[in-house]
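In this text, residue positions in the sequence shown follow our numbering: the first is 2, and each later residue adds one.
For each residue, glycine too, the CB sits at the ideal point set by N, CA and C.
As the structure is a prediction and not an experimental result, all values here were calculated from the model.
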Amino acid sequence: MTQPVTLITGATGGIGAALARALAGAHDLILVGRDPAKLDTLQAEVGGETLTLDLTRPETFAGALAGLGRVTNLIHNAGMVELGAVAEQNYAVWTHTLTVNVVAPAELTRLLLARVRAERGTVLFVNSGAGLRAGAEWASYAASKHALKALADALRDEEAPHDVRVTSLYPGRTATEMQRKVRGQEGATYDPTAFVQAETVADAICSVLNLPRDATIPDLSIRPGPR
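Okay, structure coming up:
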(Lines of atoms letter the chains of each structure in order from A and count residues from 1; the text may use other names and numbers.)
(Lines give C-alpha, C1' and ligand atoms only; values in the text may rest on other atoms or scores of the structure.)
Protein backbone atom coordinates (compact mmCIF):
# COMPACT_ATOMS: atom_id res chain seq x y z
CA MET A 1 0.00 0.00 0.00
CA THR A 2 1.08 3.59 -0.58
CA GLN A 3 2.38 5.17 2.60
CA PRO A 4 1.06 8.50 3.85
CA VAL A 5 3.25 11.50 3.13
CA THR A 6 3.67 13.75 6.16
CA LEU A 7 5.16 17.23 6.00
CA ILE A 8 6.58 18.57 9.27
CA THR A 9 7.58 22.20 9.72
CA GLY A 10 10.22 22.91 12.33
CA ALA A 11 11.39 19.37 11.71
CA THR A 12 14.80 19.82 13.32
CA GLY A 13 13.35 21.19 16.57
CA GLY A 14 12.55 19.11 19.63
CA ILE A 15 8.97 18.06 18.84
CA GLY A 16 9.54 18.02 15.08
CA ALA A 17 12.57 15.76 15.25
CA ALA A 18 10.88 13.46 17.77
CA LEU A 19 7.88 13.18 15.47
CA ALA A 20 10.06 12.48 12.43
CA ARG A 21 11.74 9.64 14.33
CA ALA A 22 8.38 8.27 15.49
CA LEU A 23 6.95 8.25 11.95
CA ALA A 24 10.07 7.08 10.11
CA GLY A 25 9.42 3.94 8.09
CA ALA A 26 5.62 4.16 8.34
CA HIS A 27 5.34 7.56 6.63
CA ASP A 28 7.20 9.20 3.79
CA LEU A 29 8.50 12.39 5.36
CA ILE A 30 8.98 15.91 4.07
CA LEU A 31 11.24 17.63 6.57
CA VAL A 32 10.88 21.42 6.55
CA GLY A 33 13.24 23.83 8.25
CA ARG A 34 15.44 26.84 7.70
CA ASP A 35 18.86 25.23 8.26
CA PRO A 36 19.89 22.93 5.37
CA ALA A 37 22.73 21.36 7.36
CA LYS A 38 20.44 20.36 10.23
CA LEU A 39 17.85 19.07 7.77
CA ASP A 40 20.49 16.93 6.05
CA THR A 41 21.57 15.46 9.39
CA LEU A 42 18.00 14.53 10.30
CA GLN A 43 17.35 13.16 6.81
CA ALA A 44 20.36 10.85 7.17
CA GLU A 45 18.71 9.43 10.29
CA VAL A 46 15.04 9.17 9.29
CA GLY A 47 15.01 9.34 5.48
CA GLY A 48 12.48 11.30 3.49
CA GLU A 49 13.10 14.53 1.64
CA THR A 50 14.03 18.00 2.86
CA LEU A 51 12.60 21.40 2.08
CA THR A 52 14.22 24.64 3.18
CA LEU A 53 11.68 27.38 3.94
CA ASP A 54 12.04 30.78 5.58
CA LEU A 55 8.83 31.20 7.53
CA THR A 56 9.38 34.94 7.77
CA ARG A 57 8.85 35.14 3.99
CA PRO A 58 5.53 33.45 3.12
CA GLU A 59 5.66 35.09 -0.31
CA THR A 60 8.41 32.61 -1.24
CA PHE A 61 6.40 29.48 -0.42
CA ALA A 62 4.62 29.02 -3.75
CA GLY A 63 7.87 28.76 -5.68
CA ALA A 64 9.46 26.46 -3.11
CA LEU A 65 6.47 24.08 -3.18
CA ALA A 66 6.04 24.01 -6.96
CA GLY A 67 7.71 20.64 -7.45
CA LEU A 68 6.21 18.95 -4.40
CA GLY A 69 4.20 15.75 -4.90
CA ARG A 70 1.68 14.11 -2.58
CA VAL A 71 1.00 15.47 0.92
CA THR A 72 -1.30 13.49 3.21
CA ASN A 73 -0.68 15.18 6.54
CA LEU A 74 0.47 18.71 7.24
CA ILE A 75 2.02 19.25 10.68
CA HIS A 76 2.52 22.89 11.63
CA ASN A 77 5.13 22.55 14.33
CA ALA A 78 7.48 25.49 13.74
CA GLY A 79 7.11 28.58 15.88
CA MET A 80 8.92 31.30 17.76
CA VAL A 81 8.53 33.12 21.05
CA GLU A 82 9.82 36.38 22.47
CA LEU A 83 8.60 37.29 25.93
CA GLY A 84 8.01 40.88 26.94
CA ALA A 85 5.47 43.30 28.32
CA VAL A 86 3.08 45.08 26.01
CA ALA A 87 4.68 48.34 27.11
CA GLU A 88 8.07 47.11 25.89
CA GLN A 89 7.56 45.09 22.69
CA ASN A 90 7.47 47.16 19.51
CA TYR A 91 5.67 46.43 16.25
CA ALA A 92 8.68 44.56 14.82
CA VAL A 93 8.40 41.85 17.48
CA TRP A 94 4.66 41.57 16.93
CA THR A 95 5.01 41.44 13.16
CA HIS A 96 7.73 38.80 13.30
CA THR A 97 5.81 36.66 15.79
CA LEU A 98 2.54 36.82 13.91
CA THR A 99 4.22 36.13 10.57
CA VAL A 100 6.01 32.99 11.75
CA ASN A 101 3.27 31.65 14.02
CA VAL A 102 0.12 32.51 12.02
CA VAL A 103 0.65 33.93 8.55
CA ALA A 104 3.15 31.27 7.50
CA PRO A 105 0.91 28.35 8.57
CA ALA A 106 -2.08 29.96 6.86
CA GLU A 107 -0.22 30.42 3.58
CA LEU A 108 1.36 26.97 3.70
CA THR A 109 -2.05 25.43 4.35
CA ARG A 110 -3.60 27.35 1.46
CA LEU A 111 -0.94 26.16 -0.95
CA LEU A 112 -1.04 22.50 0.15
CA LEU A 113 -4.75 22.10 0.81
CA ALA A 114 -5.61 20.58 -2.57
CA ARG A 115 -3.01 17.87 -1.97
CA VAL A 116 -4.31 17.14 1.54
CA ARG A 117 -7.90 17.00 0.27
CA ALA A 118 -6.90 14.47 -2.38
CA GLU A 119 -5.52 12.23 0.38
CA ARG A 120 -8.37 12.83 2.88
CA GLY A 121 -5.57 13.77 5.21
CA THR A 122 -5.02 15.73 8.41
CA VAL A 123 -3.85 19.25 9.19
CA LEU A 124 -2.45 19.49 12.71
CA PHE A 125 -1.44 22.73 14.39
CA VAL A 126 0.97 22.48 17.31
CA ASN A 127 -0.46 25.33 19.37
CA SER A 128 0.32 26.02 23.04
CA GLY A 129 -1.29 26.42 26.41
CA ALA A 130 -0.81 30.12 25.65
CA GLY A 131 -3.32 29.65 22.84
CA LEU A 132 -5.98 29.16 25.51
CA ARG A 133 -4.92 31.72 28.10
CA ALA A 134 -2.53 34.66 28.06
CA GLY A 135 -0.37 35.66 31.00
CA ALA A 136 1.83 38.66 31.75
CA GLU A 137 4.82 38.99 29.39
CA TRP A 138 3.21 36.57 26.91
CA ALA A 139 0.98 38.96 24.92
CA SER A 140 2.58 38.72 21.46
CA TYR A 141 3.11 34.96 21.58
CA ALA A 142 -0.31 34.23 23.09
CA ALA A 143 -2.01 36.51 20.57
CA SER A 144 -0.38 34.57 17.76
CA LYS A 145 -1.46 31.27 19.26
CA HIS A 146 -5.02 32.48 19.85
CA ALA A 147 -5.05 33.46 16.16
CA LEU A 148 -3.70 30.03 15.24
CA LYS A 149 -6.63 28.45 17.11
CA ALA A 150 -9.02 30.64 15.13
CA LEU A 151 -7.34 29.53 11.89
CA ALA A 152 -7.72 25.88 12.87
CA ASP A 153 -11.35 26.26 13.99
CA ALA A 154 -12.38 27.94 10.75
CA LEU A 155 -10.42 25.47 8.63
CA ARG A 156 -12.03 22.53 10.43
CA ASP A 157 -15.54 23.65 9.50
CA GLU A 158 -14.53 24.56 5.95
CA GLU A 159 -12.79 21.28 5.24
CA ALA A 160 -15.22 18.84 6.86
CA PRO A 161 -17.06 18.39 3.53
CA HIS A 162 -13.74 17.42 1.97
CA ASP A 163 -13.02 14.77 4.66
CA VAL A 164 -9.97 16.68 5.89
CA ARG A 165 -9.47 16.40 9.64
CA VAL A 166 -8.08 19.40 11.56
CA THR A 167 -6.59 19.19 15.04
CA SER A 168 -5.17 21.79 17.42
CA LEU A 169 -2.67 20.38 19.90
CA TYR A 170 -2.00 22.42 23.06
CA PRO A 171 1.19 21.23 24.76
CA GLY A 172 2.14 22.57 28.14
CA ARG A 173 5.78 23.35 28.80
CA THR A 174 7.85 20.89 26.80
CA ALA A 175 11.54 20.03 27.11
CA THR A 176 12.87 21.75 23.97
CA GLU A 177 15.43 24.40 23.09
CA MET A 178 12.56 26.88 22.82
CA GLN A 179 11.69 26.14 26.43
CA ARG A 180 15.33 26.64 27.41
CA LYS A 181 15.14 30.10 25.81
CA VAL A 182 11.86 30.90 27.58
CA ARG A 183 13.26 29.89 30.96
CA GLY A 184 16.25 32.11 30.34
CA GLN A 185 13.98 35.05 29.51
CA GLU A 186 12.07 34.34 32.70
CA GLY A 187 15.31 34.32 34.69
CA ALA A 188 14.65 30.72 35.73
CA THR A 189 16.60 27.47 35.60
CA TYR A 190 15.91 25.06 32.73
CA ASP A 191 15.33 21.53 34.05
CA PRO A 192 14.12 19.32 31.18
CA THR A 193 12.91 16.63 33.59
CA ALA A 194 10.27 19.05 34.93
CA PHE A 195 8.50 19.30 31.58
CA VAL A 196 6.65 17.14 29.06
CA GLN A 197 9.13 15.31 26.87
CA ALA A 198 9.14 16.01 23.14
CA GLU A 199 8.70 12.29 22.46
CA THR A 200 5.47 12.30 24.49
CA VAL A 201 4.05 15.11 22.38
CA ALA A 202 5.15 13.24 19.25
CA ASP A 203 3.28 10.14 20.49
CA ALA A 204 0.13 12.22 20.89
CA ILE A 205 0.47 13.49 17.31
CA CYS A 206 0.90 9.93 16.08
CA SER A 207 -2.32 8.98 17.88
CA VAL A 208 -4.17 11.76 16.06
CA LEU A 209 -2.78 10.67 12.68
CA ASN A 210 -3.57 7.00 13.34
CA LEU A 211 -7.13 7.57 14.56
CA PRO A 212 -9.67 5.52 12.57
CA ARG A 213 -11.70 7.48 10.04
CA ASP A 214 -14.92 7.23 12.06
CA ALA A 215 -13.66 9.85 14.54
CA THR A 216 -11.72 13.07 14.81
CA ILE A 217 -9.89 14.91 17.60
CA PRO A 218 -10.55 18.65 17.20
CA ASP A 219 -8.55 19.76 20.26
CA LEU A 220 -6.04 17.98 22.46
CA SER A 221 -4.28 19.41 25.53
CA ILE A 222 -1.16 17.92 27.10
CA ARG A 223 0.26 19.01 30.44
CA PRO A 224 3.23 17.89 32.56
CA GLY A 225 2.27 14.97 34.75
CA PRO A 226 2.61 14.78 38.54
CA ARG A 227 6.12 14.43 39.88
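query: Please say whether THR57 and VAL101 have beta carbons closer to each other than 8 Å?; result: yes
query: Just to confirm my understanding: we take LYS146, look at its own chain, exclude 5 residues before and 5 after, and list those with CB closer than 6 Å. What are they?; result: ASN128, SER129, ALA131, GLY132
query: In the DSSP assignment, what residue or residues form a beta bridge with GLU50?; result: ILE31
query: To which residues does DSSP link THR168 through a beta bridge?; result: LEU125
query: Which full runs of the alpha helix (DSSP H) of 4+ residues lie inside the segment 153-223, going along the chain?; result: 178-186, 199-211
query: Which of the three DSSP states, helix, strand or coil, is assigned to THR98?; result: helix
query: According to DSSP, is VAL6 helix, strand or coil?; result: strand
query: To the nearest angstrom, report how far apart THR7 and ALA25 are at their CA atoms.; result: 10 Å
query: From this set, GLN198, GLU108, LEU84, GLY48, which residue's C-alpha is nearest ALA65's C-alpha?; result: GLU108
query: Taking just the CA atoms, how far does ALA140 sit from THR3?; result: 44 Å
query: Tell me, which residues are paired with ILE16 by DSSP?; result: Answer is none; ILE16 lacks a bridge partner.
query: Rounded to the nearest angstrom, what separates PRO213 and THR96 at their Cα positions?; result: 39 Å
query: Classify ASN91 as buried or exposed, calling it buried when 16 or more other Cβ atoms lie within 10 Å of its own Cβ.; result: exposed
query: Indicate whether LEU20 and ILE206 have their beta-carbon atoms separated by less than 8 Å.; result: yes
query: With DSSP as the reference, please indicate the residues paired to HIS77 in a beta bridge.; result: PHE126
query: Could you check the C-alpha separation between SER208 and LEU99 for me, to the nearest Å?; result: 29 Å
query: Taking the alpha carbon of LEU54 as the point to measure from, which residue in ALA12, GLU83, GLY70 has its own alpha carbon closest?; result: ALA12
query: With DSSP as the reference, label ALA105 as helix, strand or coil.; result: helix
query: Pairs of beta-carbons, one from the segment 158-167 and one from the segment 182-194, closer than 8 Å: are there three or more?; result: no
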